[in-house]
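*Asks:*
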Amino acid sequence: MTLLDRLDTDLHTAMKARDTFATGTLRQAIAAVRGAAKSGPVARELDDDEIVAVLTAEVKKRRESAEIYTGAGATDRAANETAEADFIEAYLPAALSDADLDALVAEVITSTGASSMKDMGTVMKAAQAAAAGRGRVDGKALSGKVRAALS
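Below, the structure is given as structure tokens:
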């Protein structure tokens with residue numbers, strides 16, 4: 245069962261249970277995935293890794309919106325955005341822990357022979373590629389770890 249199939253199945257379950265929050269959030273997530281599949285010159289099916297990338301972007305959008313709403317004093321909207329982000333995040337692979345992230349960065353720095361901040365781009369690219377098979381990584385956290393290790 246692909247991730248999109250799981251989202252569709254969960255949508256039908258939420259609709260039958262009349263869970264408006266889950267139904268709305270799943271519809272938005274599925275629409276984002278299908279929109280990404282149709283973007284580009286030819287419509288195609290996305291694989292699970294591409295779907296994870298789309299869902300990760302959706303989570304990030306909601307977290308950023310929640311920050312904006314909180315700053316504007318709209319706490320109810322911020323809470324809704326945060327709840328949607330948490331809901332979608334449940335469909336993503338587990339995030340790497342700080343210790344795993346530190347080990348990954350150290351391993352990549354050793355393998356690339358990086359020694360200064362000039363090598364940050366090379367290290368980031370290699371670290372993101374290495375992390376792809378291990379779990380979900382927040383780009384901002386990874387960047388911070390690489391920056392600290394190279395400084």
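Quick note, the sequence shown lines up with residues 245 to 395 if you use the numbering used here.
The beta-carbon is built from N, C-alpha and C at its ideal position, and this holds for glycine as well.
Could I get the ranges of all uninterrupted alpha helix (DSSP H) runs contained in the segment 343-379, with 4 residues as the minimum, in chain order?
*Replies:* Segments of the alpha helix (DSSP H) lying fully in the segment 343-379: 364-375.
*Asks:* Alpha carbon to alpha carbon, what distance is there between R391 and L299?
*Replies:* The alpha-carbon atoms of L299 and R391 are separated by roughly 26 Å.
*Asks:* Do three or more CB pairs link the segment 314-321 to the segment 357-373 at distances below 8 Å?
*Replies:* They do not touch, by the three-pair rule.
*Asks:* Closest to M368 by C-alpha separation, out of L348, L255 and G379, would be which residue?
*Replies:* That would be L348, whose Cα lies nearest to the Cα of M368.
*Asks:* Name the DSSP beta bridge partners of A318, please?
*Replies:* Beta-bridge pairing links A318 to no other residue.
*Asks:* Are Y313 and R306 touching if we call contact CB-CB under 8 Å?
*Replies:* Result no, Cβ atoms of Y313 and R306 do not sit closer than 8 Å.
*Asks:* By the DSSP assignment, the alpha helix (DSSP H) with S387 in it spans what residues?
*Replies:* Note, S387: alpha helix (DSSP H), G383 to L394.
*Asks:* Return yes when the Cβ of E325 is within less than 8 Å of the Cβ of S309, no when it is not.
*Replies:* Their beta carbons are under 8 Å apart, which means S309 touches E325 by this criterion.
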